[in-house]
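Asker:
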Amino acid sequence: MMDRNALLAAMQALIARRDKTNDSDEKAKLDAQVKDLSTTITRLALDSLDVSSQRVAQSADAVEAILRKAQLDPFDRALDASARKLAEAALTLSNEASKVFAFEGPRALDTDDADADVDIAAPVTDSPEKVEAAAPSTPANERTQEVVAASPASASAGLPPIVTGRKLDQLRDEYQLCWNACVIRPERRADVQFAADRLRRGEARYREVSKKTGVPWQLIGLMHGLECGYDFNKHLHNGDSLGAATVRVPAGRPPAWKVGSPWEDSAVDAVKLKKLDQVKDWTLPRVLYALEAFNGFGYRGQGIRSPYLWSFSNLYDRGKYIADHKFDPKVESKQVGSAVVLKLLSEAGFWP
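Following the working numbering, the numbering of the sequence shown begins with 79 at its first residue and continues without gaps.
1. Tell me whether K105 sits in a helix, a strand or coil according to DSSP, three-state version.
2. Here's the rule: buried if 16 or more other CB atoms are within 10 angstroms of the residue's CB, otherwise exposed. What is G427?
3. Between L42 and I144, what straight-line distance do the alpha-carbon atoms span, to the nearest angstrom?
4. For N392, I'd like the list of residues in its chain whose CB is within less than 6 Å of its CB, leaving aside the five on either flank, ordered along the chain.
5. For a test of the three-state rule: what should DSSP assign to Y399, helix, strand or coil?
6. Taking Cβ to Cβ, would you say Y386 is nearer than 8 Å to L366?
7. Which stretch, first to last residue, makes up the beta strand (DSSP E) that contains D406?
8. Using a Cβ distance threshold of 8 Å, determine whether the region 277 to 295 contacts the region 338 to 358, with at least three qualifying pairs required.
9. What are the boundary residues of the alpha helix (DSSP H) that includes F272?
10. Under 8 Å between the Cβ atoms of G280 and G307?
11. To the nearest whole angstrom, what separates the beta carbons of R95 and L108, a pair I think is in contact under 8 Å?
12. Out of R364, T242 and D402, which has the shortest C-alpha to C-alpha gap to P430?
13. Counting Cβ pairs, one atom from each stretch, are 3 or more of them under 8 Å apart for the region 268 to 282 and the region 413 to 422?
14. Measure from the alpha carbon of E142 to the alpha carbon of each residue in A401, P239, T120 and R283, then state which is nearest.
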C-alpha cells in the first residue's frame, strides 16, 4: 500500500498554514483540504490501487494550488517554514501519483528513432477539401497497395491495415480509420480515465503553452503524459528533471536554463524545437501524426501499431521496444496510449 508519509506531511503543513493565516477564506479552504487529506489517509487501506492513486493525485494538485495561492498573497511573499513544508509535500505527492500512473520511464528508441527523416511540421494539406484537390492521379486502391502492409492480425480482426509509410499524406486515412475503430478495453477503462483526469487537471498550464505556440493544449498534455507521467517537475523534451538543463537527447535544453524557471518555459522550448509551433491546421490526423513522429515509426516495421498511441485499446495487443533498438514481441506496454486518452477526452467533450 502507498506510503502515508507524504499525505501526513501535507496535512501537517496545511494545519500549520491554517493556524498562521488571518484570512478567513483561506482558513476555510485549508480546513476543507485537511479534512479531505484525513479521509484519503483513512481510505488508503480500503480502496483499490487505482482509486487510491486518483485520491493521491487529487491531493497533490490541491496542495500545489494552495501553495501557489499562499506564495502569491501580498502578506506572505516570503517562503516561510510552513510553505516550504507544503512545497516538499506537494512534490512528494506528485512523485507518488506519477509512480502509480504506471509511467514507464524514458522511452526506448525504436529502429527509426523519433526524428529520423521526419519533419513533424512539414506543410501538408489537411482539410478534406484540399486533400481531394491535391490527390495524385493514381487510383486510390493502387496508392493503398503501395504503402500498406496488411498484418494478418489486423485483417482477421476486421481492423484497418497497418500502413508502412512515414508521411502524413500516406498515414492520414489510416489515422482516421483507427480512430473510428478504436474501442477502449473495458478492463483498462479506469486506467485511461485516470490518465485523462490527470491531463485535465493540468489544463490551465497546458493552455498557457498553447497560447505561446498555437499547439492544442490537449496535444501538449498528451506529450507531457508520455514523456513525464504528468509530472511538472520534468522537462517536456524527455522527462529529465527541471533541476538542470536536459542531460539526455536532446541535451542542453532549454539553452541557458535557470533552475527555478517555470515548467511552461521549458515546454515552450520543447514544442518549438520540434517545430510544432509552425503547424497551422491541427486536424485529428495531424495530432496523431505528431504524437507518433515524436516517438518514432519503428513499430510499423514490426507489423503492429504503436503502443504510444493505441495501448489499452482493441488496436494494440503486445510488442514493445524494451531498450534502445531492442524489440520484444511478447512484452505488453503498461502505459496508456495517447490516442486512447484523446478518445476518452473526445467522448467527454474535451476534443476537438
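In this text, a Cβ means the ideal position worked out from N, Cα and C, and glycines have one as well.
Remember, it's a predicted structure, so these values are computed and weren't measured experimentally.
Answerer: Well, looking at it:
1. helix
2. exposed
3. Past the boundaries of the shown model lies residue 42; the chain is included only from 79 to 430, so the question cannot be answered.
4. V261
5. Looking at Y399 - three-state DSSP - the assignment turns out to be strand.
6. no
7. K404 to D406
8. yes
9. R267 to R279
10. no
11. 6 Å
12. R364
13. Taking one beta carbon from each stretch, the region 268 to 282 and the region 413 to 422 have 3 or more pairs nearer than 8 Å; the two touch.
14. R283
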